[in-house]
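Worksheet for the structure shown next.
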Amino acid sequence: MASFRERRRRPVSPLTRIAYFFGLPILLIVLWYALSFGSTNFFVPKPIELAQTLWTTWIGDRFFDDVLPSLGRLAVGLFFAIGLGIVLGLLIGSTRWLRNLLEPLLEFFRAIPPPVLVPLLMLLIGVNDSMKVAVIISGAIWPVLLNTVEGVRAVDSVLNDSCRSYGITGFARIRYFVLPAVTPQIMAGVRQSLSIGLILMVISEMFASSSGLGFTIVQFQRNFAIPEMWSGIVVLGLIGLGLALIFQFVERRVLHWYHGLKEITHDS
Numbered sequence: 695m696a697s698f699r700e701r702r703r704r705p706v707s708p709l710t711r712i713a714y715f716f717g718l719p720i721l722l723i724v725l726w727y728a729l730s731f732g733s734t735n736f737f738v739p740k741p742i743e744l745a746q747t748l749w750t751t752w753i754g755d756r757f758f759d760d761v762l763p764s765l766g767r768l769a770v771g772l773f774f775a776i777g778l779g780i781v782l783g784l785l786i787g788s789t790r791w792l793r794n795l796l797e798p799l800l801e802f803f804r805a806i807p808p809p810v811l812v813p814l815l816m817l818l819i820g821v822n823d824s825m826k827v828a829v830i831i832s833g834a835i836w837p838v839l840l841n842t843v844e845g846v847r848a849v850d851s852v853l854n855d856s857c858r859s860y861g862i863t864g865f866a867r868i869r870y871f872v873l874p875a876v877t878p879q880i881m882a883g884v885r886q887s888l889s890i891g892l893i894l895m896v897i898s899e900m901f902a903s904s905s906g907l908g909f910t911i912v913q914f915q916r917n918f919a920i921p922e923m924w925s926g927i928v929v930l931g932l933i934g935l936g937l938a939l940i941f942q943f944v945e946r947r948v949l950h951w952y953h954g955l956k957e958i959t960h961d962s
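Laid out in structure tokens, this is it:
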């Protein structure tokens, strides 16, 4: 048993992590190259052709005209979605009567697909960057909000009563007791919000837009620029990968105490 625990605690070497990270993508690219070798299918470009198209299409003016504005709108939308989700979730989760009052309304709005709100937001806000940010917020806020509410509801009642007994109330209770206890659920909601925000960023740019990744990919598709269309999809995948890596980096530092506690619990 001791040797098993020692093997489990042994840190993974950097070379092993790199092999895990790049192993499957390289295998898929090799398989893609083998299956497309000698193929004349117009709709499926070869890996080398796609790599060349990716470089020539997105490294240059289009990166500044389409990619950066999309990333800016995504960052603003996620910032407000996560911030509002945490604040409202703490407020609703901590107030029983408010939670009972708003629960049917929250479930109603959560069930509405955010893309359906795009025409409505176009009428209310107009066709501008604010509308696209509002679309991202309308969908990305729910995982954070609902996870925060449920996390507050699941706070240990004994510890909660102890805080009250020692006179720890108000902001101090939120800061030193509720927020640390709810952070794992909040981070789980943030992970879901990142992918939802990326999807809604693309959808918002497909409606009445003249720039952005979503608009450009649709234009490529309509003009039968198939390699360019595929290259735009690859760019979206790389953005999603970048968001996942950033999230893992932040999560390890925010929840270092949580992961350490889990390791101690598993080893005991």
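Numbering-wise (the working numbering), the sequence shown opens with residue 695 and increments by one.
Don't be surprised by glycine CBs; every beta carbon is placed ideally from N, CA and C.
With DSSP collapsed to three states, give me the class of residue i.
| i | result |
| --- | --- |
| Pro807 | coil |
| Ala919 | coil |
| Met900 | coil |
| Ser707 | coil |
| Ser730 | helix |
| Phe941 | helix |
| Leu784 | helix |
| Asn794 | helix |
| Ser905 | coil |
| Asn822 | coil |
| Asp755 | helix |
| Trp951 | helix |
| Asp855 | helix |
| Val849 | coil |
| Ile862 | coil |
| Pro763 | helix |
| Val738 | coil |
| Leu789 | Strictly speaking, residue 789 in this sequence is Thr, with Leu absent from that position. Thr789: coil per DSSP, three-state reduction. |
Can you tell me the Cβ-Cβ gap for residue i and residue j, rounded? I've got them flagged as a contact below 8 Å.
| i | j | result |
| --- | --- | --- |
| Val843 | Ile786 | 5 Å |
| Gly926 | Ser889 | Their Cβ separation, rounded to whole angstroms, is 17 Å, which puts Gly926 and Ser889 out of contact at 8 Å. |
| Gly906 | Pro763 | 6 Å |
| Val812 | Ile897 | 7 Å |
| Leu772 | Gly891 | 5 Å |
| Val872 | Gly783 | Rounded, the Cβ-Cβ distance is 10 Å, inconsistent with contact. |
| Val781 | Val827 | No, Val781 and Val827 are not in contact; Cβ-Cβ is about 18 Å, not under 8 Å. |
Given a threshold of 16 other Cβ atoms within 10 Å of its Cβ, counted over all protein chains shown, does residue i qualify as buried or as exposed?
| i | result |
| --- | --- |
| Phe914 | buried |
| Asp760 | buried |
| Gly845 | buried |
| Ala938 | exposed |
| Gln879 | buried |
| Trp749 | exposed |
| Ile971 | Only positions 695 to 962 of the chain appear in the structure, and residue 971 is not among them; the question remains open. |
| Arg767 | buried |
| Trp951 | exposed |
| Ala866 | exposed |
| Ile830 | buried |
| Ile835 | buried |
| Arg701 | Note that Arg701 scores a pLDDT of 49, beneath 50, so its modelled location is shaky and nothing firm can be said. |
| Leu932 | exposed |
| Leu722 | exposed |
| Thr863 | exposed |
| Leu744 | buried |
| Leu840 | buried |
What is the rounded straight-line gap between the Cα of residue i and the Cα of residue j?
| i | j | result |
| --- | --- | --- |
| Thr751 | Met900 | 19 Å |
| Ile753 | Thr910 | 14 Å |
| Leu949 | Ile712 | 23 Å |
| Ser832 | Val821 | 16 Å |
| Phe774 | Gln886 | 15 Å |
| Ile742 | Leu796 | 54 Å |
| Phe698 | Phe715 | Annotation note: pLDDT 45 at Phe698 (below 50); position unreliable, no value reported. |
| Leu709 | Gly717 | 11 Å |
| Tyr727 | Ile920 | 17 Å |
| Arg790 | Ala875 | 18 Å |
| Lys740 | Ser730 | 6 Å |
| Ala805 | Ser851 | 31 Å |
| Ser904 | Leu853 | 54 Å |
| Gly908 | Ile868 | 40 Å |
| Phe943 | Thr734 | 42 Å |
| Phe941 | Gly883 | 12 Å |
| Met695 | Gly936 | Residue placement at Met695 cannot be trusted, given a pLDDT of 43 that sits under 50; the coordinates are not used to answer. |
| Leu778 | Arg847 | 18 Å |
| Asp855 | Val929 | 50 Å |
| Leu966 | Val738 | Since the first residue of the chain shown is 695 and the last is 962, residue 966 is not available in this structure. |
| Ile819 | Ser859 | 49 Å |
| Leu765 | Arg916 | 23 Å |
Please confirm whether any heavy atom of the ligand ATP lies closer than 7 Å to the CB of residue i.
| i | result |
| --- | --- |
| Phe802 | Looking for the ligand ATP in the displayed structure turns up nothing, as the structure carries no ligands at all. |
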